[in-house]
Amino acid sequence: MPLLPYLRIACVLVLSICAVGVEESRKDPEEDVTCLLQYSRQEHRTPGTQSLLEHLNSFGLGSGLWSGMDETIDGSGLSLLGTSSPSSHAKLNHFEIMGLYNTGTNLLHHLLLSNFGSQLSMEATDATPPKKGCLFWKHSSLSILKLKSPNTLQGCNGSVVGLAMIRNPLAWLHSMHRQAYDLNNCAQRENWLKIPCRYPRGTPQHTLAGETFPNLQTIYTKWTQDYESLASFGFNRSLLIRYEDLVMDTEGVLSQIASLANLSLPDGGLAQVKQAVHPTAIEGHRDNQREVAIRQIQKKSYLDLFKGSALATACAYLDRDVMHRHGYTDCDAVM
Numbered sequence: 007m008p009l010l011p012y013l014r015i016a017c018v019l020v021l022s023i024c025a026v027g028v029e030e031s032r033k034d035p036e037e038d039v040t041c042l043l044q045y046s047r048q049e050h051r052t053p054g055t056q057s058l059l060e061h062l063n064s065f066g067l068g069s070g071l072w073s074g075m076d077e078t079i080d081g082s083g084l085s086l087l088g089t090s091s092p093s094s095h096a097k098l099n100h101f102e103i104m105g106l107y108n109t110g111t112n113l114l115h116h117l118l119l120s121n122f123g124s125q126l127s128m129e130a131t132d133a134t135p136p137k138k139g140c141l142f143w144k145h146s147s148l149s150i151l152k153l154k155s156p157n158t159l160q161g162c163n164g165s166v167v168g169l170a171m172i173r174n175p176l177a178w179l180h181s182m183h184r185q186a187y188d189l190n191n192c193a194q195r196e197n198w199l200k201i202p203c204r205y206p207r208g209t210p211q212h213t214l215a216g217e218t219f220p221n222l223q224t225i226y227t228k229w230t231q232d233y234e235s236l237a238s239f240g241f242n243r244s245l246l247i248r249y250e251d252l253v254m255d256t257e258g259v260l261s262q263i264a265s266l267a268n269l270s271l272p273d274g275g276l277a278q279v280k281q282a283v284h285p286t287a288i289e290g291h292r293d294n295q296r297e298v299a300i301r302q303i304q305k306k307s308y309l310d311l312f313k314g315s316a317l318a319t320a321c322a323y324l325d326r327d328v329m330h331r332h333g334y335t336d337c338d339a340v341m
């Protein structure tokens, strides 16, 4: 029996568990895509060589993760995440990570695995159909799940820790215009900021398939409002995390999660994090992927997409109150 297919699968799983990210390929914007298992027909892109010191300074994670994009592991476009089960002596804590595309859910997943892997239980929910026991696709609409598949959320009030990711809405729109997976049918068209978006057949949350929203901004607002009230969906323990905080204060966010879930910090503290938050520790190797992401946040480079009237158009369909609750003020200039 040929061993090559099995060796290939094993290599993909090892790469995923070790949290070595690969830059995501961009796909043809005219391509009609139905997203299943975050699948897209993409050309293979060989990642650039990264030194060991840069690798450590980025927590060992690649640019596809730090950018917040839903990265791919191999040329097929199939996004594979590692799973973890708690050790025999650890208290069972199941983590359910949630968030829209390109909000840093993969980054959070890999950080949890690399720092707390032996203490937690976590499924790879990139393409999980809804199941009773609080197991669902991480990009699901909680409101639609509650309405159409309420059994899915049963059990979320037990040992489950809900972690929801959000991102600056204009930065999120920028990332979606680059790659929106099964929402490319609206995110990469003319007038993309004000046309309806429909989730296609094949969407892992089957109750979401066929649902149409007025625009991308409405999707952002509705999902964010759900995450603001995770307790109403059954989560007794939950945390809403801004992508910007996860990138810029990684140690602080992971410490919050550890406190919430009663996890023990790694021996000697979050060593990988300390290397990342002290750029002077390794002279000459400061241009690592985490620092690139930090600079992009600080420079607000995403605003380059919104020239002329585009900023006003984007902001017209965003909820300013929701933005303000999370410290996002980019739309204030066009109020």
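Under this note's numbering, read the sequence shown as residues 7 to 341, first letter to last. Using N, Cα and C, we set each Cβ at its ideal position, and we do this for glycine too. These numbers come from a predicted model, not from an experiment.
query: Measure how close the beta-carbons of MET104 and LEU169 come, nearest whole angstrom, since I'm counting them as under 8 Å.; result: 7 Å
query: To which residues of the same chain is ALA267 closer than 6 Å at the C-beta, ignoring the five residues directly before and after it?; result: ASN99 and VAL167
query: Exposed or buried, which one is ASN157 when buried takes at least 16 other CB atoms within 10 Å?; result: exposed
query: Between TRP198 and the rest of its own chain, which residues show a CB-CB distance below 7 Å, the 5 nearest in sequence each way excluded?; result: HIS183 and CYS192
query: So what does LEU245 bridge to, in DSSP terms?; result: LEU169
query: Do TYR334 and GLY110 have their C-beta atoms within less than 8 Å of each other?; result: no
query: Once DSSP output is grouped into helix, strand and coil, what is the label at SER218?; result: Reading off the sequence shown, one finds Thr at residue 218, where the question assumed Ser. In this structure, THR218 counts as strand in the three-state DSSP scheme.
query: Among the candidates VAL259, SER120, LEU245 and ASN108, whose CA atom is the shortest distance from the CA of ASP273?; result: SER120
query: Give me the DSSP bridge partner(s) of CYS203.; result: PHE219
query: Can you tell me which of LEU260, ALA177 and GLY314 puts its alpha carbon nearest to the alpha carbon of LEU324?; result: ALA177
query: My understanding is that MET171 touches LEU214, with C-beta atoms under 8 Å, so please give their C-beta distance in whole angstroms.; result: With a Cβ gap of about 18 Å, MET171 and LEU214 do not count as contacting.
query: In three-state terms, what does DSSP make of GLY123?; result: helix
query: Have a look at GLU196 and GLY216 and give me their C-alpha separation to the nearest angstrom.; result: 21 Å
query: Give me whichever residues DSSP pairs with GLU102 in a beta bridge.; result: GLY168
query: Under three-state DSSP, which class holds MET128?; result: strand
query: Within the same chain, show all residues whose beta-carbon is closer than 6 Å to that of ARG331, passing over the 5 residues directly before and after it, in chain order.; result: none
query: Answer with buried or exposed for ASP338, where buried requires no fewer than 16 other C-beta atoms within 10 angstroms of its C-beta.; result: exposed
query: Indicate whether GLN211 and SER265 have their beta-carbon atoms separated by less than 8 Å.; result: no
query: Can you name the start and end residues of the alpha helix (DSSP H) that MET329 belongs to?; result: 326-331
query: Please state whether the Cβ-Cβ distance between GLN185 and MET75 is less than 8 Å.; result: yes
query: Using a 10 Å radius around the Cβ and a threshold of 16 neighbouring Cβ atoms, would you call VAL340 buried or exposed?; result: exposed
query: Might you give, ordered along the chain, the residues of its own chain that have their beta carbon closer than 6 Å to the beta carbon of ASP336, omitting 5 neighbours on each side?; result: LEU176
query: I'd like the list of long-range same chain contacts for ILE201, defined as Cβ closer than 8 Å, with 5 residues on each side in sequence excluded.; result: CYS192, ARG195 and ASN221
query: My understanding is that HIS180 touches LEU317, with C-beta atoms under 8 Å, so please give their C-beta distance in whole angstroms.; result: The pair is not a contact, with the Cβ atoms about 11 Å apart (cut-off 8 Å).
query: Kindly indicate which three-state DSSP category LEU141 falls into: helix, strand or coil?; result: strand
query: Using only CA atoms, which one of ARG296, LEU153, GLN304 and TYR233 lies nearest to LEU117?; result: ARG296
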